[in-house]
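Undergrad: Residue numbers (my numbering), protein chains in the order written: chain A, 10 to 95; chain B, 728 to 1546.
Using N, Cα and C, we set each Cβ at its ideal position, and we do this for glycine too.
Dropping the structure in here first, questions after.
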Amino acid sequence: RPPHPVYTNHWAVQVLGGPAEADRVAAAHGYLNLGQIGSLENYYHFYHSKTFKRSTLSSRGPHTFLRMDPQVKWLQQQEVKRRVKR
Amino acid sequence: QAQSDPHTLNFIDPLWSNMWYMHCGPKSTRCRSDMNVQAAWNRGYTGKNVVVTILDDGIEKNHPDLAGNYDPYASYDVNGNDHDPSPRYDASNENKHGTRCAGEVAASANNSCCIVGIAYNAKIGGIRMLDGDVTDVVEAKSLGIRPNYISIYSASWGPDDDGKTVDGPGQLAKQAFEYGIKKGRQGLGSIFVWASGNGGREGDYCSCDGYTNSIYTISVSSTTESGQKPWYLEECASTLATTYSSGAFYDRKIFTTDLRHHCTDGHTGTSVSAPMVAGVIALALEANSQLTWRDVQHLLVKTCRPAHLKASDWKTNGAGHKVSHLYGFGLVDAEALVLAAKKWTAVPVQHTCVAVTDKRPRSIPLMQTLRTTALTAACANRSDQRVGYLEHVVARISISHPRRGDLQIHLISPSGTKSQLLAKRLLDHSNEGFSNWEFMTVHCWGEKAEGEWTLEIRDIPSQVRHPDRQGKLKEWSLILYGTAEHPYNTFTSHQSRSRMLELSTPVLGPPRASLSPPQAEAPEDEEDYTAPPSHGRPNTLQTSTCHPECGNKGCEGPRADQCLNCVHFSLGNAKTGRKCVSECPLGYFGDTAGRRCRRCHRGCETCKGKSPLQCLSCRPGFYHHQDMNACMTHCPAGSYAHESERTCRKCHPSCKKCADEPEKCTVCKAGFRFAQGRCNPDCEQGTYFDSEQMKCGQCHPTCKSCVGPSREECIHCAANFHFQDWKCVPDCGEGYYPEEMRGLLHKVCRRCDDSCLSCEGSSRNCSRCKTGFTQLGTSCVNHTCSNADETFCEMVKSNRLCERKLFVQFCCRTCLLAG
């Protein structure tokens, strides 16, 4: 059986309307906006302290409302990826 | 060891002569082919002004061999979300990888420390991103750090090389790659270099690694000194180039910088090769900074060669390139690369053609080959998609299968080149199959795209399987990347771009920078505008219906373009039509004598004359040089482009070049040295540059060189001082002994064995023992036994069991006392 993915309490969210709108969305749903993801415009790194930090289950709850925010186009709970140094 | 060759450079770096991979050649019995890095240096290319960053577990920025080239603007700590990429130190030194990779790229030359990096004058940074949870966000952030500042991103990591993983970049990381190649380096495209997998022993195949399998990354393999396949090497069709690296225990080692200011010969695997290629590409970018991300790949294809690299599948593809699944196009040749780069013309724009889409599901019969062919014109009927000459070829495949590792997939091009997209992987027993997985091959590079393509899939069970349990090819697509015309033999508009950009080469002294390129302007009529009289009647003034801008000669109608002359200015010409205006629009200035709007020099938004030196503000894409009153595409040396104001502003006096801000120097003036993000005056040995006082300060007397005045800020210790606990001390403390470290001028205090109070030469050569221990030879022991008889004691003494840790329990103090 494939290994279970390990979910974290970090999220990638696509929010239209700029950084101020991303801050509003994050605050409204109890997230902390850690800023734009690299050079990807409209993509922000959100952190939610109430999500299980390392879970084999995808989180339910607050992100459901986040997903319904009209300014949120896409979101993704972050999974830990296994990466090895070569 | 280095051959006695008159062309060999004599660096004083202690391990320079051990860097066998820099001294190869026909005279060597083992590494007979050189990577020709020294030859590239001899032509003047050392990576100057090129910025490379290492995506890994951090970088020891104050390592003596890295500090000189370290660039904080090319660095970030994604794991810790701050600007300091220093690795996390622990007892196992697990975060040494990034520092080791960095040294290969840009360790300083001729500095009495460790090694010489391939691009020893490049700027080197580190992005700490592996020392924590690696997520799609972490990868995307790392790949998108300052894409307009960093030229080359080198990564020596990837998904597990366990022979059963299929994984690659997530959605965000893929977008980061695409953003990088489209927008990075001011539109030329970021260069991503990736180490191919190390799962050779596990039977892994690097097409199951989405990073090396991407068209945006340069996938790099390794070969041993004698050209053999290293035990760790995976083969696949996406590998582009190869360098030397470590091999078996009897092969010579690769040297580089290590944690805690050390040097090491323990750096191995394809992790060695990716930074080497990053360094070689840095040399090429110094030769031609206008190379696009695709130009770099073309250059590697053109200049790499098989040399003495041994592979059973070397073949010549339809374009005449020799290629193999182990080594790609072969061993890098730095000299050939820089020479080709210097005179390179940018290749034509990339076209993408989805040549085949086949959604017919088909069973894959056991022990047989499912073969499906497709004839394609390579989008010949779409001028914006037509692929005449191939670069990358991708087969996007969806397969369901009970045991994925039993599958083998090949793709055959119209020229007959057979690429192995997937080999059997004995350890992969997954039943997940492949879901739209993209297998990439570079083996068809340069071939013609149109014709018949064949996909072959074989199912060869490694275990007994019921014949009914078959796999199914659900759908597949063939995506061709390449150019409509031949990439080398066509004069395209990109060449004029290159030429135009050559005009922007900055020089010292009176800055002479690129003005807006000369354009043929439409000739303007010189005479004042007067409309011809209509029907022989003299011009009459129709004051009741004329436009307010019409002059004293009246008009033929109410509109501004029907005036016979103008009050203020006329705009336009006989061809385009004229009209009277109160003020001239952007791009024009008002000629009050002629009462007409005349065009500014191209690039000027507002101006006071036609000359290129009469601009007052600039159009988007140009920058205003206030001293010269000119608009230029690139600001001259000594200034930087202020984007929002579209002006050239002066750099800090110590900077020869800067970016974004006056103090963000990228190149220092003579007499200054780049360190810690700034141009600091070159301070003499024994002094350091104090950025607050803006002058050289004295190092602590215990330091030979330093980064600050205190004892803890030494880089090298003064003569007869040793390095202990980040300080230089005259003598090692109790329980420590001074040890010579290879590559360092000073000794480092190392801990003695736990039982020793003091030791000499090595940790176990005790000279005094702690309380409760007894000295026996060079060991300190505390074991006692009470049942020793003479024979037993003799046996213990004659075999010196007391001095061997495994048998120390046999040591009897009683025996000692008994002589």
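Apply the 10 Å Cβ neighbour rule to threonine 944 (chain B) and answer buried if 16 or more other Cβ atoms are within range, or exposed otherwise.
TA: For the purposes of this step, residue 944 (chain B) is taken as residue 217 along the second sequence, with counting starting at 1. With 16 or more other Cβ atoms within 10 Å, it is buried.
Undergrad: Does the beta-carbon of leucine 41 (chain A) have 16 or more other beta-carbons within 10 angstroms, so that it is buried, or is it exposed?
TA: The residue given as residue 41 (chain A) occupies position 32 in the first sequence. Burial check for leucine 41 (chain A): the Cβ neighbour count within 10 Å stays below 16, so the residue is exposed.
Undergrad: According to the Cβ coordinates, are lysine 1478 (chain B) and serine 1490 (chain B) closer than 9 Å?
TA: Here the question's residue 1478 (chain B) lines up with position 751 in the second sequence. Here the question's residue 1490 (chain B) lines up with position 763 in the second sequence. It is arginine, not lysine, that sits at residue 1478 (chain B) in the sequence shown. Yes, these two residues count as a Cβ contact at 9 Å.
Undergrad: Measure from the alpha carbon of serine 953 (chain B) to the alpha carbon of each residue in B:Lys1151, B:Lys1337 and B:Ser972, then state which is nearest.
TA: Start at 1 with the first residue of the second sequence, and residue 953 (chain B) comes out as number 226. Of B:Lys1151, B:Lys1337 and B:Ser972, the residue nearest in Cα terms is B:Ser972.
Undergrad: Under three-state DSSP, which class holds lysine 1335 (chain B)?
TA: Position 608 of the second sequence, counted from the start, is the residue given in the question as residue 1335 (chain B). DSSP places lysine 1335 (chain B) in coil when its eight states are reduced to three.
Undergrad: Can you tell me whether DSSP reads tyrosine 1315 (chain B) as helix, strand or coil?
TA: For the purposes of this step, residue 1315 (chain B) is taken as residue 588 along the second sequence, with counting starting at 1. Strand.
Undergrad: So which residues of chain A does aspartate 985 (chain B) contact, with C-beta pairs closer than 7 Å?
TA: Numbered from its first residue, the second sequence carries residue 985 (chain B) at position 258. The contacting residues do not exist; aspartate 985 (chain B) stays about 14 Å from chain A at best.
Undergrad: Let me check you understand the geometry: is the CB of leucine 1149 (chain B) closer than 8 Å to at least one non-hydrogen atom of the ligand NAD?
TA: Summarising the ligand content, the structure contains no ligands, and the ligand NAD is consequently not present.
Undergrad: At the 9 Å Cβ level, is serine 883 (chain B) part of the contact set with chain A, yes or no?
TA: Mapped onto the second sequence, residue 883 (chain B) falls at position 156. Cβ-Cβ to chain A under 9 Å: yes for serine 883 (chain B).
Undergrad: What is the DSSP secondary structure of proline 1265 (chain B), reduced to helix, strand or coil?
TA: Numbered from 1 along the second sequence, position 538 holds the residue referred to as residue 1265 (chain B). Reliability fails at proline 1265 (chain B), whose pLDDT of 38 lies under 50, so the model's placement of it is uncertain and no value is given.
Undergrad: With a threshold of 9 Å between beta-carbons, can tyrosine 906 (chain B) be considered close to chain A, or not?
TA: Numbered from 1 along the second sequence, position 179 holds the residue referred to as residue 906 (chain B). So, interface residue.
Undergrad: Looking at the secondary structure, which residues open and close the alpha helix (DSSP H) in which cysteine 828 (chain B) lies?
TA: Counted from its first residue, the second sequence places residue 828 (chain B) at position 101. Under the DSSP assignment, cysteine 828 (chain B) falls in the alpha helix (DSSP H) whose first and last residues are 824–833.
Undergrad: Considering only the alpha carbon of each residue, which of B:Thr1272, B:Asn1407 and B:Thr1181 lies closest to alanine 1082 (chain B)?
TA: Position 355 of the second sequence, counting from 1, holds the residue named residue 1082 (chain B). Measuring C-alpha to C-alpha distances from alanine 1082 (chain B) to each of B:Thr1272, B:Asn1407 and B:Thr1181 identifies B:Thr1181 as the nearest.
Undergrad: Rounded to a whole number of angstroms, what is the C-alpha to C-alpha distance between threonine 1103 (chain B) and valine 1076 (chain B)?
TA: Walking along the second sequence from the start, residue 1103 (chain B) turns up at place 376. Walking along the second sequence from the start, residue 1076 (chain B) turns up at place 349. Computed Cα separation, rounded: 21 Å.
Undergrad: So the candidates are B:Gly907, B:Cys933, B:Ala1063 and B:Ala833; which of them puts its Cα closest to the Cα of alanine 1166 (chain B)?
TA: Locating residue 1166 (chain B) in the second sequence gives position 439, where the first residue counts as 1. According to the sequence shown, residue 1166 (chain B) is phenylalanine rather than alanine. Relative to the Cα of phenylalanine 1166 (chain B), the nearest Cα in the group B:Gly907, B:Cys933, B:Ala1063 and B:Ala833 belongs to B:Cys933.
Undergrad: Quick check: the stretch 1123–1130 of chain B against the stretch 860–876 of chain B, are at least 3 beta-carbon pairs closer than 8 Å?
TA: no
Undergrad: For lysine 1454 (chain B), collect the residues of the same chain with a Cβ closer than 8 Å to its Cβ; drop the 5 residues on either side in sequence, then sort them by chain order.
TA: What you label residue 1454 (chain B) is simply residue 727 of the second sequence in a count that begins at 1. These residues qualify, in order along the chain: Thr1429, Arg1438, Glu1439 and Cys1441.
Undergrad: Glycine 927 (chain B) and tyrosine 959 (chain B) look like a contact to me (Cβ under 8 Å); what is the Cβ gap, rounded to whole Å?
TA: Translated into the one-based positions of the second sequence, residue 927 (chain B) becomes position 200. Translated into the one-based positions of the second sequence, residue 959 (chain B) becomes position 232. Indeed they touch by this definition, with Cβ atoms about 5 Å apart.
Undergrad: From the DSSP output, in three-state form, read off glutamine 955 (chain B) for me.
TA: Start at 1 with the first residue of the second sequence, and residue 955 (chain B) comes out as number 228. Glutamine 955 (chain B) falls in the coil class under three-state DSSP.
Undergrad: Rounded to the nearest angstrom, how far is the Cβ of histidine 1119 (chain B) from that of isoleucine 942 (chain B), given a contact under 8 Å?
TA: The residue you call residue 1119 (chain B) lines up with position 392 of the second sequence. The residue you call residue 942 (chain B) lines up with position 215 of the second sequence. Rounded, the Cβ-Cβ distance is 4 Å, consistent with contact.
Undergrad: Please go through the same chain and pick out, in chain order, the residues whose beta-carbon is closer than 7 Å to the beta-carbon of asparagine 925 (chain B), but skip the five residues on each side of it.
TA: Within the second sequence, the letter at position 198 stands for residue 925 (chain B). Same-chain partners within the cutoff: Asp888, Tyr959, Gly996 and Thr997.
Undergrad: Is valine 89 (chain A) close to chain B, meaning its C-beta is less than 9 Å from at least one C-beta of that chain?
TA: Your numbering for residue 89 (chain A) matches position 80 in the first sequence. By this cut-off, valine 89 (chain A) is an interface position.
Undergrad: For the beta strand (DSSP E) that contains asparagine 18 (chain A), what are its first and last residues?
TA: Here residue 18 (chain A) corresponds to residue number 9 of the first sequence, with the count starting at 1. Element bounds for asparagine 18 (chain A): 16–24.
Undergrad: Would you check if the stretch 810–820 of chain B and the stretch 913–922 of chain B touch, i.e. whether three or more CB-CB distances between them fall below 8 Å?
TA: no
Undergrad: Could you check whether glycine 47 (chain A) and tyrosine 906 (chain B) sit closer than 9 Å to each other, using their CB atoms as the reference points?
TA: Taking the second sequence and counting its residues from 1, the one referred to as residue 906 (chain B) is at position 179. Taking the first sequence and counting its residues from 1, the one referred to as residue 47 (chain A) is at position 38. In contact: tyrosine 906 (chain B) and glycine 47 (chain A) (Cβ atoms closer than 9 Å).
Undergrad: Which term fits tryptophan 83 (chain A), buried or exposed, when burial requires 16 or more other beta carbons within 10 angstroms of its beta carbon?
TA: Along the first sequence, one-based indexing puts residue 83 (chain A) at 74. Under this definition tryptophan 83 (chain A) is an exposed residue.
Undergrad: Can you find a CB in chain A that lies within less than 9 Å of the CB of alanine 867 (chain B)?
TA: Here residue 867 (chain B) refers to the residue found at position 140 of the second sequence. So yes, alanine 867 (chain B) belongs to the interface.
Undergrad: Determine the contact status of glutamate 1410 (chain B) and arginine 1373 (chain B), defining contact as a CB-CB distance below 9 Å.
TA: The residue given as residue 1410 (chain B) occupies position 683 in the second sequence. The residue given as residue 1373 (chain B) occupies position 646 in the second sequence. According to the sequence shown, residue 1410 (chain B) is cysteine rather than glutamate. Result no, Cβ atoms of cysteine 1410 (chain B) and arginine 1373 (chain B) do not sit closer than 9 Å.
Undergrad: Can you pull the chain A neighbours of isoleucine 872 (chain B), defined as C-beta to C-beta under 9 Å?
TA: Numbered from its first residue, the second sequence carries residue 872 (chain B) at position 145. Gly47 and Ser48, listed in chain order.
Undergrad: Closer than 8 Å by beta-carbon distance: list the chain A residues that pair up with histidine 824 (chain B), in chain order.
TA: The count along the second sequence starts at 1 and reaches residue 824 (chain B) at position 97. Chain A residues near histidine 824 (chain B): Lys94.
Undergrad: List, in order along the chain, the chain A residues whose C-beta lies closer than 7 Å to that of alanine 1548 (chain B)?
TA: Nothing about residue 1548 (chain B) can be reported from this structure: the residues present for chain B run from 728 to 1546 only.
Undergrad: CB-CB under 6 Å to leucine 1242 (chain B), same chain, minus the five flanking residues each way: which ones, in chain order?
TA: In the second sequence, residue 1242 (chain B) corresponds to position 515, counting from 1. In this prediction, leucine 1242 (chain B) has a pLDDT of 40, which is less than 50 and means its spatial position is unreliable; what the coordinates show is noted afterwards. Around leucine 1242 (chain B): Pro1339, Ala1357 and Met1359.
Undergrad: Along chain B, which residues have their Cβ under 9 Å away from the Cβ of alanine 31 (chain A)?
TA: The count along the first sequence starts at 1 and reaches residue 31 (chain A) at position 22. Neighbours of alanine 31 (chain A) on chain B: none; closest Cβ ~14 Å, over 9 Å.
Undergrad: Just mark alanine 1005 (chain B) as buried or exposed, buried being the case when its beta carbon has 16 or more other beta carbons within 10 Å.
TA: Along the second sequence, one-based indexing puts residue 1005 (chain B) at 278. Counting the other Cβ atoms within 10 Å of the Cβ of alanine 1005 (chain B) gives 16 or more, which makes it buried.
Undergrad: Please return the same chain residues whose Cβ sits closer than 7 Å to the Cβ of cysteine 1433 (chain B), not counting the five positions on each side in sequence.
TA: Along the second sequence, read from residue 1 onward, the residue named residue 1433 (chain B) stands at position 706. The beta carbon of cysteine 1433 (chain B) is closer than 7 Å to those of Tyr1415, Cys1426, His1427, Glu1440, Cys1441 and Ile1442 in its chain, skipping five residues each way along the sequence.
Undergrad: Could you check which residue in B:Ala801, B:Gly993 and B:Cys1331 has the C-alpha nearest to that of arginine 95 (chain A)?
TA: Position 86 of the first sequence holds residue 95 (chain A). Proximity to arginine 95 (chain A) across B:Ala801, B:Gly993 and B:Cys1331 peaks at B:Gly993, based on C-alpha coordinates.
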